[in-house]
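Comments concern the structure below.
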Amino acid sequence: MFVVIAATCFPLCNASAQTATGNGSRQEVPEDQTHIRLGRIVLTPALTLRSGFDDNIFQSENNPTSDVVSTIAPRITLEGEWQDFRADISAGMELGFFAQSSDDDYQDADIRITSNIDLDTSTIEGGISWQQSHDPRGGNDVASNAREPVIYQDINTHISGRYVADRLRYESRLSLRRLEFDESTALDGTAIRNDDRNRTETTETLRALIALDLDREAYGEITLNQRQYDRTPDDTGLTRDSAGFALYGGVRFDLTDLVKADLAAGWMTRTYADPAFGNIGDYTLRGDIDWSVTRLTSLNFNAARAVRETTVTGASGILAFDFGMGVSHELRRWLQIGATASYSNEQFQQTTRRDQTGQLGATIEYRMNRFTRLTGAIDHDMRQSNTNGESYRRFQSLISLKLEI
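All the letters of the sequence shown, read from the start, carry residue numbers 12 to 416 under the numbering used here.
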């Protein structure tokens with residue numbers, strides 16, 4: 012049996028299709044071989060079918076519940092490119108079906124639109140997305156006695172710009188996110204209010220970069236963020252509104268296309284409207300390294316330290332450190348294997364709760380032809396928490412078939 016594992020857990024499975032030439036080098040599969048071209052518009056319909064097994068669908072510490080999960084995920088993408096303008100539109104759904112726990116069936120959907128304009132030394136890019144998704148039972152912010160997953164709406168919009176002048180480059184981005192959660196029902200029939208989680212998030216980023224040489228650049232960055240909740244105070248009598256900033260100094264470099272990296276570190280703060288929460292001030296960092304070890308093997312490393320939102324009772328936020336790595340290798344031009352590992356340390360501020368989560372995964376992908384790919388994956392993750400009832404172990408396995416024209 013197999014289990015549904017989100018594609019984000021196995022990013023290596025979604026790497027660009029590549030073929031091997033006679034001398035062992037790789038080249039990208041031409042876009043026209045796998046898409047439908049209508050003048051300047053490229054149409055890409057796709058359908059992904061998954062079936063899998065999960066031995067702990069509710070992430071329970073004791074008496075775990077197992078189930079078989081099947082999903083159907085159609086998607087269509089339109090891409091248009093002109094001399095100085097590009098636009099992309101994508102829409103899709105994911106329908107999930109549990110063999111035994113039908114209360115956990117879900118219907119997710121999303122629509123995404125992005126575009127950008129090149130104006131000589133400047134670039135303007137913008138986008139908007141709408142997503143209906145769900146928080147499965149067993150998560151930190153879903154009541155343990157909930158009867159079904161919590162459905163929510165997630166709307167994102169952003170606009171960004173870039174300006175180049177001699178050795179200097181300036182980048183800016185303004186984004187707005189709106190989250191709204193549906194009410195749910197407990198097992199005993201009582202209503203569970205989730206409007207405490209409804210909020211608006213605003214983020215502004217300014218970055219200045221200077222070229223050190225052809226393949227390296229240093230930068231400074233400031234990011235401002237605001238979180239405004241609809242209900243103030245919430246059910247516990249606390250106000251969760253907050254504002255903060257993060258200052259970064261970093262460097263980007265590209266060593267002969269073999270090692271590409273973006274490394275930065277700095278300081279972050281978060282100030283809460285309610286004095287009971289106190290304030291957060293600590294170091295922050297982020298890093299992303301891509302290393303092409305050989306023509307057929309690649310490695311990726313990433314790390315980040317940031318503050319995440321939560322509505323866990325008594326906690327103002329989560330101070331989290333995340334680290335991950337992955338490896339991908341082509342055994343044949345039509346056969347690719349991969350492995351991932353990740354670690355997360357979460358400190359729930361203003362509480363004594365501390366969580367450590369680890370994950371190991373492996374994938375194998377078989378490209379049957381340019382329209383069809385078959386993927387198998389296994390994943391084991393576990394969480395150790397000093398809070399009773401929050402630890403768990405889980406094993407998942409997955410097989411998926413993707414059809415793309």
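Glycine included, C-beta positions come from ideal geometry on N, C-alpha and C.
Three-state class that DSSP yields for residue i in the structure shown
i    : result
R208 : helix
F192 : strand
P286 : helix
S411 : strand
S113 : helix
Y240 : strand
L220 : strand
L225 : coil
N399 : coil
F69  : coil
W93  : coil
G231 : strand
A269 : Per the sequence presented here, residue 269 reads as Leu, with Ala not at that position. DSSP places L269 in coil when its eight states are reduced to three.
T362 : coil
I416 : coil
T374 : strand
R404 : strand
S327 : coil
L249 : coil
R158 : coil
Span of the beta strand (DSSP E), counted from its first residue to its last, around residue i
i    : result
D119 : Y117 to L130
R394 : T383 to S396
R296 : The sequence as given places Leu at residue 296; Arg does not occur at that position. Taken as a continuous stretch (DSSP letters only), the beta strand (DSSP E) holding L296 covers N290 to S303.
R319 : T308 to R319
W141 : S133 to D146
N167 : V161 to A176
I47  : I47 to L49
G260 : S253 to L266
Paired residues, beta bridge with residue i - DSSP
i    : result
V79  : F64
N356 : F332 and Q367
G103 : R86 and D121
A202 : T196
V338 : L310 and A350
M279 : A257 and D293
T55  : T88
T213 : L187 and Q237
Residue from the options whose Cα sits closest to the Cα of residue i
i    : options                   : result
R378 : E357, K413, A102 and N356 : K413
D299 : Y259, N311, H169 and Y174 : N311
P75  : A331, I410, R405 and M393 : R405
L198 : T321, Q237, R158 and A176 : R158
Y283 : Q360, G260 and G261       : Q360
D224 : T305, L217, R48 and D265  : D265
E415 : G50, V53, L49 and A57     : A57
A287 : L269, V262, I166 and S253 : S253
T82  : F69, T398 and F64         : F64
D392 : R381, G400, A373 and N380 : A373
R180 : D245, T55, I221 and G107  : I221
V80  : R364, P147 and K271       : P147
CB contact flag (residue i, residue j, <8 Å)
i    : j    : result
E341 : L385 : no
G328 : V318 : yes
Q94  : A120 : no
D78  : Q111 : yes
A388 : L371 : no
A315 : L296 : yes
G172 : T213 : no
F192 : Y163 : yes
Y240 : R210 : yes
A276 : G289 : no
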